Structures are given as C-alpha cells and as structure tokens.
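Q: Would you mind keeping the following structure in view while I ask a few things?
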Ligand SMILES: Nc1ncnc2c1ncn2[C@@H]1O[C@H](COP(=O)(O)OP(=O)(O)OP(=O)(O)O)[C@@H](O)[C@H]1O
Ligand SMILES: [Mg+2]
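Protein chains in written order, with the numbering used here: chain A, 3 to 262; chain B, 81 to 398.
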C-alpha cells in the first residue's frame with residue numbers, strides 16, 4: 003500500500019460540550035476516492051473542516067504526507083495542496099470563465115504600468131482544462147459563469163483546483179443539487195482527477211453516487227466512525243442502512259407506509 | 081446589448097440627438113457648445129470614475145463632496161492666509177484627500193458597517209471641520225486663492241471654451257479603464273463586489289482592494305477641489321456638495337450595478353457625458369434649468385431598471 007496522503011489518528015473535535023468528532027481515524031490515499039457518508043449532524047462538515055485547516059483537532063494527530071501536521075489556517079492547507087470545493091463552489095457569476103478560473107493567480111503580460119491580465123491565455127487554459135475534464139459545452143472563456151449550470155460550475159472549480167496542483171480534493175456534496183446528467187458529469191470528472199493521482203474526499207448523501215465512484219468508505223454516526231470498508235465489501239442495502247444510522251431501512255419504509 | 085455600458089450609450093445617443101435637433105442654430109453642436117457640455121461633465125467625471133470602481137467593489141462613498149471643499153480651502157488658507165507657495169499646498173490637499181479616503185476605508189473595513197452611512201458621517205465631519213478650522217484661522221468659510229502661473233496652467237488653462245479639466249477627466253478615465261479592465265487589481269475589484277466570500281477564498285485581499293479604492297476616491301475628490309479652486313480663484317468649504325449624489329447617479333446611469341460586481345469605465349464616462357449634455361442642452365433650449373433635476377431623476381429610475389434587465393440578459397444567454 004502506498005503512503006497515505008493524509009491520515010487522522012484518534013481525532014476528537016469538541017465545541018464546548020458538543021462532541022462533534024470522537025476518536026476518528028481514517029486515511030486518504032492518493033489516486034483513490036474516499037466517500038464520507040453520514041446523516042445530518044453526523045459530523046461530516048466538521049471533519050472536512052479539520053482536514054482543510056478551518057478547525058484544529060481538540061486532540062489526536064493529523065499526518066500529511068507522512069508527517070505530523072497542524073494547519074494554522076485554511077490558507078496554509080491550500081498552499082500545501084489541499085483544495086476544498088464547497089457546494090456553492092465560490093464562483094463569481096458576473097465574471098467570465100477565464101477570469102474566475104485564474105482569480106487570485108492571474109497570468110499577466112507586459113510591464114508595469116502597462117501590465118495587463120493575459121486574458122487570452124486565461125481563457126484558453128480555462129476552456130482547455132474544463133474540456134480535459136469532460137466538459138465540452140463551454141467553448142469560450144469569455145462566457146459568464148452565471149450562465150453555466152451547477153454541474154458546470156463544479157467542473158470549473160474542480161478543474162481549477164487540479165490545475166493549480168491540488169494533491170487532495172475535498173468535495174462537499176458536489177452532486178446533491180444536480181440532476182442525473184449533471185451529476186454523472188461531475189462523477190466522471192472525479193474519476194479523471196483520481197487518474198491524475200489526486201486523493202479525493204467525497205462527501206455525499208447519495209449512496210448510489212458513492213457506490214459508483216468510491217474506493218473506500220467511511221460512515222460517520224454521531225461523530226464516530228461507525229464503519230469503514232473498501233469497495234465491494236458491502237452491498238448497497240448495507241450501506242444505506244449504515245447511513246440511516248444503523249437502523250434497518252426496511253423498518254423505516256414500513257413506518258412510512260403507516261404514515262400514509 | 082449585454083455590455084454594461086450598452087444602456088448608457090443608447091441613452092447618451094438619444095439625448096444628444098434630441099438636444100441637437102431641438103436646438104437648431106443655437107450652437108449646441110458647435111465646437112464651443114461641445115466644449116461647454118464637456119466642461120460640465122469633466123469635474124464630475126473625475127470623481128465619478130473612482131466612485132464607480134468603488135461601487136463595483138460593493139461600497140459607496142458619499143464623502144467626496146466635503147473633500148472637494150476641504151481641498152479648495154487648504155489651497156485658500158495656505159496661499160492667502162499663510163502666503164505659502166501653491167504647489168506644496170496642492171500636495172497637502174491631495175494628501176488630505178488620500179487621508180480622508182484611508183480613514184473611510186479603514187472605518188468601513190474594520191467596523192463592517194455599511195459604507196453608505198460611514199461616509200455620510202465623514203461627509204458631515206469633514207465639512208464641519210473645514211468650516212470650523214477656517215473660521216478659527218481666518219474667520220471665513222471661503223477665501224481667495226493665490227496661484228502661480230504654472231499652477232494656473234496645469235489646473236485652469238483654457239483653449240477657447242474648453243477647460244483643461246477635460247484633459248484631466250480623460251487621464252483619469254484612461255487610468256480607470258486600464259485598472260478595471262486590464263489589470264489584476266481590476267479583476268479583484270469585480271470579484272470583491274461580485275462575491276466577497278469567494279474572492280476571499282481565492283486569496284484576493286478584499287480589504288486592501290476596498291481601502292485602495294476609498295483612497296483613490298479621496299484623491300480624485302481633492303484633485304477636483306484643486307481644479308475648482310484654481311479656476312475660480314477661491315476656496316469654499318461647500319464646493320463639491322453637488323457631487324455627493326451626482327457621482328453615484330451618473331455611475332448607475334453608466335450601467336454599474338448597485339449591488340456591485342458589474343460595470344465598466346466606458347459606461348461611467350458615458351453616464352457622465354449624458355449628465356453634461358442634459359445640463360448644457362437644457363440651457364440651449366431656453367427652458368428653465370430646474371428641469372435638469374427631473375430629467376436626471378427619470379434617467380436614474382430608468383437606468384436602475386435597465387441595469388437589472390441587462391444583468392439578467394447577461395446571465396441568461398451566452
Ligand atoms: N462551530 C460549531 N460550534 C458548535 N457546534 C458545532 C459547530 N459546528 C458543528 N457543530 C455541531 O457538531 C455536530 C456535527 O455537525 P456537522 O455540521 O459536522 O454535521 P454534518 O454531518 O456536516 O451534517 P449535514 O449533513 O447536516 O451537513 C452538530 O451537532 C453541530 O451542531
Ligand atoms: Mg454538513
């Protein structure tokens with residue numbers, strides 16, 4: 003087994019008396035997709051905030067590329083190659099694809115005071131990168147991001163992170179607001195990012211999406227790792243039951259019928 | 081039709097043609113007539129450009145009026161009361177403008193209060209301070225300015241009817257255009273106004289962007305105070321009060337979204353030119369100039385609606 007990109011050992015995260023994470027251990031490996039599953043309030047968001055430097059663990063260790071690490075800020079984590087794409091992806095609707103793609107790292111040409119953004123390069127690279135990740139509908143870097151669909155914006159954000167050398171991608175529910183086709187596009191893109199060697203943490207409520215791309219699975223229940231397994235070790239039923247907090251989903255369905 | 085300045089361009093064209101056709105033989109379209117409306121637009125245009133960039137970044141500055149007056153009074157008190165040469169006073173006035181901008185920027189960024197209210201307060205503080213200090217020093221709130229020939233040339237030269245402030249306006253517009261449309265900083269301005277959190281997340285120093293733009297408005301307002309002071313040979317604490325609302329009005333007419341994140345320098349220039357054409361054109365028609373306010377009000381209302389429409393258009397098609 004290759005060295006994990008990131009590893010958590012017995013990590014706790016408390017907010018006052020709320021124990022959001024309890025003794026969480028997990029490994030993110032390069033070139034693999036780790037699916038993080040769990041019900042509302044299970045601690046998924048808290049966990050990715052620990053991974054991306056927003057929170058420091060209350061106790062326990064975080065290892066990045068084999069070394070014990072403490073990220074002081076999200077910025078530090080980002081500089082080390084950990085990119086987080088939130089559900090709203092943080093794009094700017096009234097700006098062009100090229101300008102969004104390079105925001106904060108704009109390519110320039112010419113000398114000051116006549117230095118200017120190399121818009122053509124920015125547009126070319128942005129469109130190129132998105133096509134590489136399977137998005138062929140966007141052909142002009144001048145297109146406003148506000149005219150793109152949610153899935154296309156996900157592709158833009160993920161492509162951007164990969165272009166700027168992300169080793170680890172944290173995707174917070176990237177498919178949950180998308181239709182079937184769009185979700186398929188984002189899942190396909192995750193596979194391409196995996197092929198390029200990125201370690202991916204994929205948070206989702208959707209067991210089908212998780213099963214279709216996941217290599218390893220971690221299920222959180224009330225801040226604890228309730229199960230952790232590899233692809234093919236559990237059936238969809240079992241995963242669904244786990245996600246529902248260990249209750250049998252068939253029982254739940256009966257309950258639902260009674261309500262009707 | 082999707083560019084931010086499209087509406088302003090159409091409005092400018094229609095208004096210009098209207099006055100050109102409504103006032104045949106009066107000289108509105110002559111060289112002198114053109115210089116006339118350009119003069120009226122120029123000083124407003126100089127402040128409107130940084131105010132517009134600031135609005136694109138998502139903030140307002142209503143303190144420009146008092147800064148114009150303060151700058152002119154610095155020239156007046158310095159050259160007349162203390163017999164100092166004018167050039168050092170010019171730089172002192174610019175420094176004061178920059179400082180007022182810095183104070184605005186820091187106050188807005190640190191307190192996170194709406195800049196609308198913060199700079200409105202600054203406007204009263206600065207005009208009050210200018211009047212108070214002027215009274216203490218010279219017992220006046222307006223006073224004449226003693227300018228050297230070089231200063232008179234740089235700030236008040238005239239060719240026929242055309243005032244040198246038109247050239248200053250063009251210079252500021254050119255700089256504004258380079259910054260907003262071409263530079264990295266311009267990208268940050270759009271991003272800061274378009275989605276503050278996303279901009280910060282991408283590593284844009286959003287606070288620095290805003291503070292820099294507040295300083296730029298302060299400097300531009302001081303420049304206008306200097307231009308007016310030297311042209312009219314006097315300083316007055318109340319100079320520039322008209323700009324407080326005129327500047328944001330022409331910016332919005334120029335296609336800048338009130339919510340920030342969208343707009344262009346070309347649009348702002350057109351919005352200002354439109355203001356010049358109306359103010360001067362009314363005069364040629366022989367109507368009462370009171371109608372200017374009505375015209376501007378209607379245009380502003382139309383512009384706000386049109387901007388919203390243009391924005392939706394930009395987001396709906398490719
Ligand atoms: N900053 C905070 N301060 C106090 N409590 C917090 C904080 N952040 C999270 N919590 C608590 O930690 C627990 C886990 O929350 P978290 O947001 O990680 O859940 P989640 O799995 O992401 O849920 P969802 O699926 O709804 O997004 C919750 O009980 C929540 O109230
Ligand atoms: Mg969450």
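From the three backbone atoms N, C-alpha and C, an ideal C-beta is built for every residue, glycine too.
Given the structure is predicted, the values throughout are model-derived calculations rather than measurements.
(1) Measure the C-alpha to C-alpha separation of residue 196 of chain A and residue 34 of chain A and round it to an integer number of angstroms.
(2) What residue from B:263, B:349, B:306 has the CA that sits closest to residue 116 of chain A's CA?
(3) In the structure shown, what three-state DSSP assignment does residue 81 of chain B receive?
(4) Could you run through the region 274-285 of chain B and flag, in chain order, every residue whose CB is less than 8 Å away from some CB of chain A?
(5) Alpha carbon to alpha carbon, what distance is there between residue 169 of chain B and residue 231 of chain B?
(6) Which residue marks the beginning of the beta strand (DSSP E) containing residue 264 of chain A, and which one marks its end?
(7) Would you list the residues sitting across from residue 64 of chain A in a DSSP beta bridge?
(8) So what does residue 16 of chain A bridge to, in DSSP terms?
(9) In three-state terms, what does DSSP make of residue 223 of chain A?
(10) Around the Cβ of residue 111 of chain B, are there at least 16 other Cβ atoms within 10 angstroms (buried) or fewer (exposed)?
(11) Can you find a C-beta in chain B that's less than 7 Å from the C-beta of residue 206 of chain A?
(12) Is the distance from the Cβ of residue 202 of chain B to the Cβ of residue 261 of chain B below 7 Å?
(13) Reducing DSSP to helix, strand and coil, say where residue 38 of chain A ends up.
(14) Comparing alpha-carbon positions, which option in B:197, B:305, B:256, B:374 lies nearest residue 40 of chain B?
(15) Below 9 Å on C-beta distance, what does residue 184 of chain B contact in chain D?
(16) Whole-angstrom Cβ separation of residue 134 of chain B and residue 154 of chain B, contact assumed at under 8 Å?
(17) Starting from the Cα of residue 162 of chain A, find the closest Cα among A:138, A:130, A:37, A:183 and give me that residue.
(18) Where residue 81 of chain B and residue 142 of chain A are concerned, what is the direct C-alpha to C-alpha distance, given to the nearest angstrom?
(19) In the structure shown, what three-state DSSP assignment does residue 184 of chain B receive?
(20) For ligand 1, which residues have a Cβ under 6 Å from at least one heavy atom, in chain order?
(21) Since residue 118 of chain A meets chain B, which of its residues come closer than 8 Å, beta carbon to beta carbon?
(22) Measuring only the C-alpha atoms, how far is residue 376 of chain B from residue 298 of chain B?
(23) Ignore the nearest five residues each way along the sequence and tell me which others in residue 369 of chain B's own chain have a CB closer than 7 Å to its CB.
(24) Output needed for residue 60 of chain A: all residues of its chain with C-beta closer than 7 Å, excluding positions within five of it in sequence on either side, in chain order.
(25) Mind listing the chain B neighbours of residue 97 of chain A? Cutoff is C-beta to C-beta under 7 Å, in chain order.
(26) Can residue 148 of chain B and residue 235 of chain B be called in contact, C-beta distance under 7 Å?
(27) Who are the Cβ neighbours of residue 386 of chain B in its own chain at under 6 Å, not counting the five residues just before and after it?
(28) Kindly say whether residue 113 of chain A, judged by its beta-carbon, lies nearer than 7 Å to any beta-carbon of chain B.
(29) Between the region 122-141 of chain A and the region 281-296 of chain B, can you find at least three pairs of beta-carbon atoms closer than 8 Å?
(30) Just reading off the alpha helix (DSSP H) that residue 213 of chain B is part of, what are its end residues?
(31) Does the beta carbon of residue 92 of chain A come closer than 7 Å to any beta carbon on chain B?
(32) Does any residue of chain B have a CB that is nearer than 7 Å to the CB of residue 138 of chain A?
(33) In this structure, does DSSP put residue 378 of chain B in helix, strand or coil?
(34) Tell me the rounded alpha-carbon separation between residue 105 of chain A and residue 269 of chain B.
(35) Which chain B residues sit within Cβ distance under 9 Å of residue 110 of chain A?
(36) For residue 86 of chain B, decide whether its Cβ has a neighbour in chain A, counting only Cβ atoms nearer than 7 Å.
A: Per the coordinate set shown:
(1) Walking along the first chain from the start, residue 196 of chain A turns up at place 194. Walking along the first chain from the start, residue 34 of chain A turns up at place 32. C-alpha separation (whole angstroms): 6 Å.
(2) Taking the first chain and counting its residues from 1, the one referred to as residue 116 of chain A is at position 114. Checking every option, the nearest Cα to that of residue 116 of chain A belongs to B:263.
(3) Taking the first residue of the second chain as 1, we reach residue 81 of chain B at position 1. Low confidence applies here, because residue 81 of chain B scores a pLDDT of 49, under 50, leaving its location unreliable and the question unanswered by this model.
(4) 274, 275, 277, 278, 279, 281, 282, 283, 284
(5) On the second chain, residue 231 of chain B is found 151 positions in, with the first residue counted as 1. On the second chain, residue 169 of chain B is found 89 positions in, with the first residue counted as 1. Looking at the two C-alpha atoms, the distance is approximately 11 Å.
(6) Outside the modelled stretch of chain A, which goes from 3 to 262, sits residue 264 of chain A, for which no answer is possible.
(7) Against the first chain, residue 64 of chain A aligns to sequence position 62. Residue 64 of chain A is bridged to A:10.
(8) The sequence position of residue 16 of chain A within the first chain is 14, counting from 1. The partner list for residue 16 of chain A (beta bridge, DSSP) reads A:21.
(9) The residue you call residue 223 of chain A lines up with position 221 of the first chain. Residue 223 of chain A: strand per DSSP, three-state reduction.
(10) Here residue 111 of chain B refers to the residue found at position 31 when the second chain is read from its first residue. By the neighbour-count rule (16 or more Cβ atoms within 10 Å), residue 111 of chain B is not buried but exposed.
(11) Numbered from its first residue, the first chain carries residue 206 of chain A at position 204. By this cut-off, residue 206 of chain A is not an interface position.
(12) The residue given as residue 202 of chain B occupies position 122 in the second chain. The residue given as residue 261 of chain B occupies position 181 in the second chain. Cβ distance not < 7 Å, so residue 202 of chain B and residue 261 of chain B don't count as in contact.
(13) Residue numbering aside, residue 38 of chain A sits at position 36 when the first chain is read from its first letter. Looking at residue 38 of chain A - three-state DSSP - the assignment turns out to be strand.
(14) No information on residue 40 of chain B is available, as it lies outside the stretch 81 to 398 that chain B covers here.
(15) This model lacks chain D altogether; the protein chains it does include are A and B.
(16) Residue mapping note: residue 134 of chain B aligns to position 54 of the second chain, counting from 1. Residue mapping note: residue 154 of chain B aligns to position 74 of the second chain, counting from 1. About 23 Å separates the two Cβ atoms, so there is no contact after all.
(17) Sequence index remark: in the first chain, residue 162 of chain A carries index 160 (1-based). Of the candidates A:138, A:130, A:37, A:183, the one whose C-alpha sits nearest the C-alpha of residue 162 of chain A is A:130.
(18) Here the question's residue 81 of chain B lines up with position 1 in the second chain. Here the question's residue 142 of chain A lines up with position 140 in the first chain. Caution is warranted here: a pLDDT of 49 is assigned to residue 81 of chain B, below 50, making its placement in the model unreliable, and the coordinate value is therefore given only provisionally. Roughly 18 Å separates the two Cα atoms.
(19) In the second chain, residue 184 of chain B corresponds to position 104, counting from 1. DSSP places residue 184 of chain B in helix when its eight states are reduced to three.
(20) A:17, A:20, A:22, A:40, A:42, A:43, A:44, A:45, A:46, A:47, A:48
(21) Counted from its first residue, the first chain places residue 118 of chain A at position 116. The answer, in chain order, is 258, 262, 263.
(22) One-based indexing of the second chain puts residue 376 of chain B at position 296. One-based indexing of the second chain puts residue 298 of chain B at position 218. Going by the C-alpha atoms only, they are around 25 Å apart.
(23) Mapped onto the second chain, residue 369 of chain B falls at position 289. Same-chain partners within the cutoff: 362, 363.
(24) Residue mapping note: residue 60 of chain A aligns to position 58 of the first chain, counting from 1. So the qualifying residues of the chain are 14, 15, 16.
(25) For the purposes of this step, residue 97 of chain A is taken as the residue at position 95 of the first chain. Residues of chain B passing the Cβ test: 270, 271, 274.
(26) Numbered from its first residue, the second chain carries residue 148 of chain B at position 68. Numbered from its first residue, the second chain carries residue 235 of chain B at position 155. In this structure, residue 235 of chain B does not lie closer than 7 Å to residue 148 of chain B by Cβ.
(27) Walking along the second chain from the start, residue 386 of chain B turns up at place 306. Closer than 6 Å at the Cβ level, and outside the excluded window around residue 386 of chain B, lie 87.
(28) Here residue 113 of chain A corresponds to residue number 111 of the first chain, with the count starting at 1. Output row for residue 113 of chain A: interface = no.
(29) no
(30) Within the second chain, residue 213 of chain B is the residue found at index 133, counting from 1. Segment 195-218, the alpha helix (DSSP H) holding residue 213 of chain B.
(31) The sequence position of residue 92 of chain A within the first chain is 90, counting from 1. Yes, contact with chain B.
(32) Position 136 of the first chain, counted from the first residue, corresponds to residue 138 of chain A. No, because no Cβ of chain B sits closer than 7 Å to the Cβ of residue 138 of chain A.
(33) Within the second chain, residue 378 of chain B is the residue found at index 298, counting from 1. Helix.
(34) For the purposes of this step, residue 105 of chain A is identified with residue 103 of the first chain, where counting begins at 1. For the purposes of this step, residue 269 of chain B is identified with residue 189 of the second chain, where counting begins at 1. Going by the C-alpha atoms only, they are around 11 Å apart.
(35) Within the first chain, numbered from 1, the residue matching residue 110 of chain A stands at position 108. What residue 110 of chain A touches in chain B: 263, 264.
(36) Residue 86 of chain B sits at position 6 when you count from the first residue of the second chain. Answer no: the Cβ-Cβ gap between residue 86 of chain B and chain A never drops below 7 Å.
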